[in-house]
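Novice:
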Amino acid sequence: MTSRGGSGSGDGDDVVGTPIDWEGLRVAAVDAAARAYCPYSKFPVGVAGITTDGRVFSRCNVENAAYGVALCAECGLVSALHMGGGGQFAAVYCVGRDGQALMPCGRCRQLLWENGGPDCLLMTPEGVRSMREMLPQAFGPAELERLAER
Numbered sequence: 017m018t019s020r021g022g023s024g025s026g027d028g029d030d031v032v033g034t035p036i037d038w039e040g041l042r043v044a045a046v047d048a049a050a051r052a053y054c055p056y057s058k059f060p061v062g063v064a065g066i067t068t069d070g071r072v073f074s075r076c077n078v079e080n081a082a083y084g085v086a087l088c089a090e091c092g093l094v095s096a097l098h099m100g101g102g103g104q105f106a107a108v109y110c111v112g113r114d115g116q117a118l119m120p121c122g123r124c125r126q127l128l129w130e131n132g133g134p135d136c137l138l139m140t141p142e143g144v145r146s147m148r149e150m151l152p153q154a155f156g157p158a159e160l161e162r163l164a165e166r
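Residue numbers (this note's numbering): 17 to 166.
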């Protein structure tokens with residue numbers, strides 16, 4: 017990936033020298049949202065991400081009657097990444113029922129930071145932003161290592 021920003025059109029945003037197909041990620045996220053299990057909130061969420069080596073994963077949210085154990089779509093996405101061989105996300109697109117970009121919650125931004133890093137791109141309602149912008153002063157593995165050295 018050579019860009020940290022962009023217009024959301026894919027111009028300048030790339031993975032391994034290939035422009036990010038933002039529309040393809042949106043379509044995959046919409047397809048995932050259609051499979052969401054959300055009988056309580058009626059708020060389906062789908063997410064799709066592309067890794068730095070070009071693999072695409074998508075997942076949906078899964079609710080539970082015990083609300084605290086519901087799974088955000090991004091949690092499933094990170095799990096799929098690790099089941100699929102690991103790596104780092106280069107770009108992520110999260111949508112609701114209407115196919116419009118949604119902002120991941122704070123917990124999910126933390127998950128995306130750790131599995132994509134500060135340069136991972138996120139489609140937002142305002143356009144493409146880096147995780148560095150979406151989670152300023154993030155706490156991650158480097159901070160754990162730094163604190164352990166004290």
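Even glycine gets a Cβ: it sits at the ideal position worked out from N, Cα and C.
Return helix, strand or coil for Ala164, following the three-state DSSP convention.
Specialist: Helix at Ala164.
Novice: If you draw a straight line from the C-alpha of Met119 to the C-alpha of Ala164, how long is it?
Specialist: Approximately 32 Å between the Cα atoms of the pair.
Novice: Report yes if the C-beta distance between Cys54 and Glu90 is below 7 Å; otherwise report no.
Specialist: Result no, Cβ atoms of Cys54 and Glu90 do not sit closer than 7 Å.
Novice: Just curious, the beta strand (DSSP E) that Ser95 is in, first and last residue?
Specialist: Looking at the DSSP string, Ser95 is not in any beta strand (DSSP E); the run it does join, the alpha helix (DSSP H), is Ala89 to Met99.
Novice: Which runs of the beta strand (DSSP E), 3 residues or longer, sit entirely within the stretch 139 to 163?
Specialist: Whole beta strand (DSSP E) segments, 3+ residues: 143 to 146.
Novice: Do Leu97 and Val63 have their C-beta atoms closer together than 7 Å?
Specialist: For Leu97 and Val63, no; Cβs fall outside 7 Å.
Novice: Between which residues of its own chain and Arg42 is the CB-CB distance below 6 Å, once the five residues before and five after are set aside?
Specialist: Excluding sequence neighbours, Arg42 sits near Tyr109.
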